[in-house]
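If you count the sequence shown from 1, you need to add 851 to reach the working numbering. This report refers to the structure that appears directly beneath it.
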Amino acid sequence: MLQGSAYKRSKNRVHVKNMYYRKLNLLGNLQLEVNTLEMQYEKLLDVYRQRDAQSASQLQIDFDHSYRNSNSTLSKAYVNLLLMKSALTRENSELRRMNEENVLMEKKIRQLIMVQDKEMSLQHGIQERNKNKPSLRMNPLTPEQYSKIVKDSYREIKAFRESKTCTSSGLRIFGWTDRHDVNEEQLVFLLDKLFSGLSLEEMSEGLWQILSDTEVLQTLKQSDADVHFHVVERPNKNAVVFYYTLERRDSDQRVRAFILSTQIDLGSEGSLIIFRTLDPSTFLKHDEDGRRGRKRIEPHKQTVWLNAFVWSICEFARDQQNDCRLTYGGKMNSTALATASWWYIHMLQSIMIMETRVTRSRRFLL
């Protein structure tokens, strides 16, 4: 019994051993076939490459006889598979290369943007400092010059109020009546309103506080304008000279001006405030600010000196101490940056803002 069991185990081991060697032989044969197919595939690829590089008539490739006559479905499928594998391998390699280039390019672009943003921030800071602290010097306004400007201005105001050259729209807007003349070269205007319950002193001092304060003046600008006022000198306690600049993002011009703002007591006739530009050829001494834009730090802008004269007269009204009449007028020359129509809108907007600030309430907007 034991001998029979030993015999069976021995026979089984031989069978297993034979089966193992048969499988090894089969795997070896399959590996040889794989190697053969890969060699044939490489030859086929060489044929395709040569056929692409040369004309068909010049190609004379002798394929291996066994491969040319093989119509095996397995062989064709394997060849197609290898072709696809090769194509995908090349595509994957190319995609990896392109991805590495894109990653490198993206990194360089980010670095460039960071440098550019830093440079733009620096330039913006320098521009703002230049605007807030302009580098220029002005010849002082002498008492004689000041007196002449005031006298000439008063004569012009009186003549203008008596003239009939301007037309009126006939409308009363928020209590204001108007006379104006707007053409391509110049704006001439006059606005008039009676304020009940507001004394001449209150109106005059309120307007003077606005027209002598740089921070308040800059709030009168239109939304599309970049405006700066800087105090250059104070000839007396009721006068101040400003350096004024006006820029707009959609223009390559910069409007500049020296502006005298002064309050004059007219006695029984009321109070006068003059807001008038000065001749730069007389008062400009050293103009470093005019060179702004000639360097890379900011774009060049053409300078235009403003010629303007704006005034306001506060008068007693109805023989009542608590009523006053305000007349607000002036003339502005057009520029490419600010046309006469643009100035007219700006003047209307300014007087409305000043009125609101002085009265502190809309109860006077009749």
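Yeah, the Cβ is synthetic: ideal placement off N, Cα and C, and Gly gets one too.
Inter-residue Cα distance where the pair is residue i and residue j
i: Pro-994; j: Lys-1152; result: 34 Å
i: Tyr-929; j: Lys-936; result: 10 Å
i: Val-1039; j: Leu-1062; result: 20 Å
i: Trp-1059; j: Ile-1110; result: 14 Å
i: Leu-881; j: Leu-875; result: 10 Å
i: Ile-829; j: Met-1203; result: Since the first and last residues shown for the chain are 852 and 1217, residue 829 lies out of range.
i: Arg-1100; j: Ser-1074; result: 11 Å
i: Gln-891; j: Gln-962; result: 51 Å
i: Thr-940; j: Met-965; result: 37 Å
i: Ser-1201; j: Trp-1027; result: 13 Å
i: Leu-1097; j: Arg-988; result: 19 Å
i: Lys-1072; j: Asn-1034; result: 22 Å
i: Ala-1159; j: Gly-1181; result: 8 Å
i: Trp-1162; j: Thr-1128; result: 11 Å
i: Leu-1068; j: Glu-957; result: 47 Å
i: Arg-1208; j: Val-1155; result: 31 Å
i: Lys-999; j: Lys-1044; result: 29 Å
Coarse secondary structure for residue i, derived from DSSP in three states
i: Leu-1157; result: coil
i: Asp-968; result: helix
i: Phe-1134; result: helix
i: Leu-932; result: helix
i: Phe-914; result: Any reading at Phe-914 must be qualified, since the residue scores a pLDDT of 44, below 50, and its modelled position is unreliable; no value is offered.
i: Lys-1072; result: coil
i: Val-1092; result: strand
i: Ser-1055; result: helix
i: Leu-963; result: helix
i: Asn-886; result: helix
i: Lys-1182; result: strand
i: Ser-1163; result: strand
i: Ala-1189; result: coil
i: Thr-1016; result: coil
i: Leu-1049; result: coil
i: Asn-990; result: coil
i: Asp-1174; result: strand
Residue from the options with nearest C-alpha to residue i
i: Arg-1176; options: Tyr-997, Ser-1055, Leu-877, Met-965; result: Ser-1055
i: Ile-1125; options: Leu-896, Val-1001, Arg-988; result: Val-1001
i: Asn-990; options: Ser-1192, Ala-1159, Val-1161, Thr-1133; result: Thr-1133
i: Arg-1107; options: Ala-1090, Lys-1088, Asn-1184, Asn-1173; result: Asn-1184
i: Thr-1065; options: Leu-992, Val-1083, Lys-894; result: Val-1083
i: Gly-1021; options: His-1031, Arg-1012, Glu-1013; result: His-1031
i: Ser-1093; options: Ser-1102, Gly-1118, Leu-1123, Asp-1130; result: Note that residue 1093 corresponds to Phe in the displayed sequence, not to Ser. Comparing Cα-Cα distances from Phe-1093 to each of Ser-1102, Gly-1118, Leu-1123, Asp-1130, the minimum goes to Asp-1130.
i: Trp-1193; options: Phe-1011, Glu-951, Thr-1178, Gln-1037; result: Gln-1037
Boundaries (first-last residue) of the beta strand (DSSP E) holding residue i
i: Leu-1038; result: 1037-1046
i: Ile-1125; result: 1122-1129
i: Ala-1108; result: 1104-1116
i: Leu-1022; result: Premise fails: Leu-1022 is in no beta strand (DSSP E) and is neither H nor E.
i: Arg-1085; result: 1077-1087
i: Asp-1032; result: 1028-1033
Status (buried if at least 16 other CB within 10 Å, exposed otherwise) for residue i
i: Ser-1112; result: buried
i: Gly-1121; result: buried
i: Lys-959; result: exposed
i: Ala-938; result: exposed
i: Asp-1029; result: buried
i: Leu-910; result: In this prediction, Leu-910 has a pLDDT of 39, which is less than 50 and means its spatial position is unreliable; what the coordinates show is noted afterwards. Classification for Leu-910: exposed.
i: Ser-1004; result: buried
i: Met-971; result: exposed
i: Phe-1080; result: buried
i: Ile-838; result: The first residue shown for the chain is 852 and the last is 1217, placing residue 838 beyond what the model contains.
i: Leu-1042; result: buried
Start-to-end residues for the alpha helix (DSSP H) that takes in residue i
i: Ser-998; result: 994-1013
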